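If you're matching positions, the sequence shown starts at 1 in UniProt numbering and goes up one per residue. Quick reminder that beta carbons are idealized off the backbone N, C-alpha and C, glycines included. Keep in mind the model is a prediction, meaning the values are calculated, not measured.
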Amino acid sequence: MAKTLELNFDAEVGSAKISVRNPKEDLTPAEIKAAMEKMVQANVFITAKGDLVRAVNARVIDRTTEEIEFV
Numbered sequence: 001m002a003k004t005l006e007l008n009f010d011a012e013v014g015s016a017k018i019s020v021r022n023p024k025e026d027l028t029p030a031e032i033k034a035a036m037e038k039m040v041q042a043n044v045f046i047t048a049k050g051d052l053v054r055a056v057n058a059r060v061i062d063r064t065t066e067e068i069e070f071v
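Here it is in structure tokens:
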């Protein structure tokens, strides 16, 4: 089972997303929002869409892989 935390932002020209693999299990929505707002304020990410201007939303993607064996 692989989890990814996807952070979605408005950027100067369109939208941008940052994906974090294997995020901590106990993150709260408030912690995620605060971290995203700090990312916007710090302006440390360079994206093809320009600077991040606003945190929009986040989601956890949970992917399970099941091997199929042939008989």
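Residue i versus the options, residue with shortest Cα-Cα distance
i, options, result
"Val-56", "Phe-9, Ala-16 and Phe-70", "Phe-9"
"Lys-17", "Glu-25, Leu-27 and Thr-4", "Thr-4"
"Ser-19", "Ile-68, Ala-2 and Val-13", "Ala-2"
"Arg-21", "Lys-33, Arg-63 and Glu-67", "Arg-63"
Length of the line joining the Cα atoms of residue i and residue j
i, j, result
"Phe-70", "Ile-61", "29 Å"
"Ala-58", "Glu-6", "5 Å"
"Ala-42", "Ser-15", "18 Å"
"Val-13", "Ala-48", "9 Å"
Per-residue DSSP class, three states only, for residue i
i, result
"Val-71", "coil"
"Val-40", "helix"
"Ile-18", "strand"
"Ala-55", "strand"
Whole-Å CB distance - residue i paired with residue j, under 8 Å assumed
i, j, result
"Glu-52", "Val-40", "First, the amino acid is wrong: residue 52 is Leu here, not Glu. The pair is a contact, with the Cβ atoms about 5 Å apart (cut-off 8 Å)."
Residue i - partner residues in DSSP beta bridges
i, result
"Asn-62", "What sits at residue 62 in the sequence shown is Asp, not Asn. Per DSSP, Lys-3."
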